[in-house]
Structures are given as structure tokens and as C-alpha cells.
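Trainee: Here it is: the structure, laid out below.
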Amino acid sequence: MISAASLYASPSREETLAAMRRATDAFREKASVQGGFVYYVTLQGRHLGEGEATSTEIWVQPPGTPAVGEAFLDAFEATKETGYLEAALAAGRALAYGQLESGGWRNSIDFDSGGPRIDQYRNGKGRGKNFSTLDDDITQSALGFLIRLDAAAGGKEVEIHEAVEYAWPRLLAAQFANGGFPQGWTGPVPQRTAVKASFPTYDWRSEGRIKEYWNEYTLNDGMALTMTETLLRAQRLSAKPEALDALKRFGEFLLLSQLPEPQPAWAQQYGPDMYPIWARAFEPPAVSGRESEDALIALIRIAEVTGDERFLDPVVPAVKYLESSLLPDGRLARYYEIGTNRPLYMQRNGKGYELTNDDSRLPDHYGWKNPTRLDLIKNLYRTRLSGSPLSNLLDAPAVDAAAAAELIGELDSGGLWVTTHEGPGERLVGQPKFAVGEKYLSSERFADNLSALSRYVKGLSR
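Everything in the sequence shown is counted per my numbering, starting at 540 for the first residue and increasing by one.
Laid out in C-alpha cells, this is it:
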């Protein structure tokens, strides 16, 4: 086999553009469903999102349709070739089709009005759930992409512009008075008096459960960061003055939701009294390592945009606490027990779960331990204090000739990035069931590679 390096030791702009076009055309032909995408399409034609998808479904939750659409926009900005804008518009129209009456999105969209996962779409072509979700970056990624797409199209694509204008006020109506957001909404949320987060005064192991916890304040699954980035994009690209106010209010919520000493970090789910509460059966009231890091990065971003240095106040005590809580292998536990600060886990107990401090039998469907981002957080904090732009640390890295050559060389004769499943130890988004050796197309791989080649092209233009 001829290596990529020998074929393209230093790919020219023309060679790279040709490879990008070929990859885009091939991926759209094989994997697109009415402009949108699922997570995986096997070479035998199976479609998978979180589980099997029908041939009429697309996925919203990243790395689905919005992620691929963002890559098309990256390519359009780098090359100015209108084919990429057309591909992005097709993805945007697919998302607009599945916008809910409540204004946001759920994790998938079905173009078959009789499909098994049909929802209550704004276009009237579905009758099902109308719960716009902020969990797993679903509504944020869809709206953020559409805002960027609307700007790229100059606001002239009516279907895209209307989807943004419909979603935006309904997202703002889902923001609580204290600046936080629920996991999702069907309509405007109730407004309450803002209070500071504190630890529960009852036995949190057995008391304080709220059945519909998804209607309460949440930071679960990266919400602090994804909401911050969505509001920032609205402020930058949509000329919406209320976006900055919403961002400031969200920053105020992050200040309020920081728990007190001796555990000055964040939970992933809060109740109306701002105590950490249970969410799903394996998500206990606790201090959350991953969500705390998300909150810290978001606060530093908000401080930069607003110029309000109060948003930096939580950083030092939270970082000190998190550093003192690192596991022996240098990672952070997802949960730390309230009071004792011991790493807190769950293990299976029949069909249910039970709390434990023992990490020897952890269910494999959840991230119980995560690599730390504390070095990044400290660098961001120092960068903000110095007045330098955070983009120096947060922007995607430049792509050199060797990396570009490798990506181009990985394309098969049909212009596809084909992945071969290695086996059960391979952890994949959506937890798909592939046979060992089964070949498939991955939306995440395509989007990452197209964006990387776009950055390489941009670098050649400098």
C-alpha cells in the first residue's frame, strides 16, 4: 500500500480542495437522509443513531446533523465554494423540518409521519412529544448551527431564518429568574426567587427525590458550556441584544449554583431550593467533577465577554478543591459524596442500582471517571487575568501538511472515510452494535476530518 505521505508529502491547495469535494459528495450520497445524518451508516446500509434508526430518520444530538452541518460551514468559510453552503442549507432544512412546536428539538427527527419516534413538529407533520431538550447538547447544537447558517446565508433563506426566530424567544422563556435552565421545556418555565446553592439538610440518599427532575435547574452533560456557546453565538452573529443579558443571567446562575465550602464546586442537578437532587436512578445528589469543570470554563468565557470579573471569583477555590479530589490515576470522579467527599459510584443491583464507594464493578454505559481539564482551566484563568484572548487556547489547532496528507490518504477509492469496527472494547458514541470487522461510515469522523482539512486550507491562505 502506498502511504499517504508519499502521495501527498505536502498537499497543495488544489489537491486538498479536490479531496474535500470528493469526500463531501461521497458522504452525502451514501449517508444523507433528506439533508440530515445519523451517527453511522454501515456499508450494507444499516443506519444507527442511539440504537437502530429507520431509513427516514436523522439524529440531532451530536455528532449528528448539526455537527456535520458545522463541518460544511467550516469548508464553505475556508474555500468559498457554494457547494458546501448548499450542503449546510440542506442539513439546516432537515433540522427546521423537525423543530418542535415548543421551539427546540429532540434527539432525532423522522420524515415519516407514521414513524415510531415521530414528535410534535412545528410544521404539523407529526403528533408526539413536544419536549424541547437541552440535554446532551441537542437544542443548543441545532440552534447554534442554524444561527451560524442563517448568518452565512445573509438571513435570506426564509426556512432557516424562521426556525431561528421561532426558537430564540422560546429558549429565553425557558430561562429561570435565577438565570438557570431546565433539562427541557414545553412552554415558559415558572419564575421563582433566586437562592444560593447549599447542601441538603435531609437524608439525600432516600429523601428529596423529584419525579419530574427534568423541569428543574440542570448542568448535566456539558450544559454549562453548550448553553454559554449558544448564547455567545447568538450575541455575535444574530445581533440580538437580549443574548448578552441572557448570558449574564446564566453566569449569575453559575455563581449561585456553586456549592459552599468545603466542597465549593457544582452538582449536575438541582431542585427548586438549590439543593443537589437525584436525576436518573444512577445519577445521585453529589458534587460532580465533570460538570464543575464545565462551569469553570463557562464562567471564564462569560467574564471575557462581559468584562465582569466577578465571574472569576469561583475559580481559585473550585480548582483547589478539585485538585485535592483527584483520583490516584489523576482523573476526576463523576461524583463525590456530599460531606465525606469520597468518590461515589453506582453498581447494578438486579435491574436497579445501589450507591457504593467501590469502583470494582462499575456499569460500562456511563462515564464514572473522566480525564481532568484543570490545566486548561488554570491556563484560561491566567490568560483572562492577563487580558489576552481566550481564543488562543480554545480555538481548534492548526493542521500541518503531514496531518492533511494522512487524512487525504485515508480516503478510499470512492472518496469515503471507512471505519472498521475493532471489537467490544471500542467505546463509541451511541453504543452501536457492530460485528467485529464490520465497516461503516461515521458522521463524527467525516465532520472532524472535513473541518481539519478546512483549517489546513485556511493555513495555506495565510
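Just so it is clear, CB atoms sit at the ideal spot from N, CA and C, and this is done for glycine as well.
On a predicted model such as this, the values are computed, not experimentally measured, just so you know.
Which of the three DSSP states is assigned to I749 in this structure?
Mentor: coil
Trainee: Identify, in the order they occur along the chain, each residue of the same chain with its Cβ nearer than 8 Å to the Cβ of S549, setting aside the five sequence neighbours on each side.
Mentor: A940, A944
Trainee: Would L871 and T911 qualify as a contact pair, given that the criterion is a beta-carbon distance under 8 Å?
Mentor: Yes, these two residues count as a Cβ contact at 8 Å.
Trainee: Flag this pair as touching only if the stretch 630–640 and the stretch 679–686 have three or more C-beta atom pairs under 8 Å; answer yes or no.
Mentor: yes
Trainee: Output needed for Q714: all residues of its chain with C-beta closer than 8 Å, excluding positions within five of it in sequence on either side, in chain order.
Mentor: Excluding residues within five positions, the ones whose Cβ falls inside 8 Å are F720, V728, A785, R788, F789.
Trainee: Just the C-alpha distance for T673 and G723, rounded to the nearest angstrom, thanks.
Mentor: Reading the sequence as shown, one finds Leu at residue 673 and not Thr. L673 and G723: Cα-Cα distance of roughly 5 Å.
Trainee: Who does V957 pair with in a DSSP beta bridge?
Mentor: L980
Trainee: So which of A565, D564, T595 has the shortest CA-CA distance to V577?
Mentor: T595
Trainee: Looking at the secondary structure, which residues open and close the alpha helix (DSSP H) in which Y636 lies?
Mentor: 621–636
Trainee: Note down, in chain order, each residue of its chain lying with its Cβ closer than 6 Å to the Cβ of D651, except the 5 sequence neighbours on either side.
Mentor: Excluding positions up to five away in sequence, the list reads T595.
Trainee: Hey, which unbroken runs of the beta strand (DSSP E) at 3 residues or more fall wholly within the stretch 845–907?
Mentor: 884–888, 891–895
Trainee: Can you confirm whether the stretch 845–852 touches the stretch 865–880 when touching is taken to mean that 3 or more C-beta pairs between the two stretches lie within less than 8 Å?
Mentor: no
Trainee: Could you spell out where the alpha helix (DSSP H) holding I686 opens and where it closes?
Mentor: 677–691
Trainee: For Y579, name the three-state secondary structure that DSSP assigns.
Mentor: strand
Trainee: Return the chain-ordered ranges of every alpha helix (DSSP H) run that is complete within the stretch 748–829 and spans a minimum of 4 residues.
Mentor: Within the stretch 748–829, the complete alpha helix (DSSP H) segments at least 4 residues long are 762–776, 780–795, listed from N- to C-terminus.
Trainee: Are there 16 or more other CB atoms within 10 angstroms of the CB of H904, so buried, or fewer, so exposed?
Mentor: exposed
Trainee: Which residue comes first and which comes last in the beta strand (DSSP E) that contains S647?
Mentor: 647–649
Trainee: Could you tell me the boundaries of the beta strand (DSSP E) in which A592 lies?
Mentor: First-last of the beta strand (DSSP E) with A592: 590–592.
Trainee: Report the option in L865, L835, S864 whose CA atom is closest to the CA atom of V855.
Mentor: L835
Trainee: If I follow the unbroken beta strand (DSSP E) through E596, where does it start and stop?
Mentor: 596–598
Trainee: Quick one: what's L639 bridged to in DSSP?
Mentor: DSSP output for L639 lists Y660 as bridge partner(s).
Trainee: Can you tell me the Cβ-Cβ gap for P602 and S993, rounded? I've got them flagged as a contact below 8 Å.
Mentor: About 16 Å; that fails the 8 Å criterion.
Trainee: Given a cut-off of 8 Å on the beta-carbon distance, is the pair T555 and G575 in contact?
Mentor: no
Trainee: Is the Cβ-Cβ distance between Y814 and S737 less than 8 Å?
Mentor: yes
Trainee: Among L861, N754, S777, which has the Cα closest to the Cα of K917?
Mentor: L861
Trainee: With a 10 Å radius around its C-beta and 16 neighbouring C-beta atoms as the bar for buried, classify T958 as buried or exposed.
Mentor: buried
Trainee: Report the option in P971, T563, F792 whose CA atom is closest to the CA atom of T732.
Mentor: F792
Trainee: Pop quiz: R744 and L894 are said to be a contact at Cβ under 8 Å. What is the actual Cβ separation, rounded to whole angstroms?
Mentor: 7 Å
Trainee: Taking the continuous alpha helix (DSSP H) assigned at L556, which residues delimit it?
Mentor: Where L556 is concerned, the enclosing alpha helix (DSSP H) stretches over 552–570.
Trainee: Tell me which residues share the same chain as A716 and place their Cβ nearer than 7 Å to its Cβ, disregarding the 5 neighbours each side in the sequence.
Mentor: Q730, R731, A733
Trainee: Please classify N909: does DSSP put it in a helix, a strand, or coil?
Mentor: strand
Trainee: For A818, collect the residues of the same chain with a Cβ closer than 6 Å to its Cβ; drop the 5 residues on either side in sequence, then sort them by chain order.
Mentor: Y752, Q808
Trainee: Let me confirm a value: T563 is counted as buried when at least 16 other C-beta atoms fall within 10 Å, else exposed. Which label applies?
Mentor: Classification for T563: buried.
Trainee: Can you tell me whether K735 is buried or exposed? The criterion is at least 16 other CB atoms within 10 Å of its CB, across all chains shown.
Mentor: With fewer than 16 other Cβ atoms within 10 Å, it is exposed.
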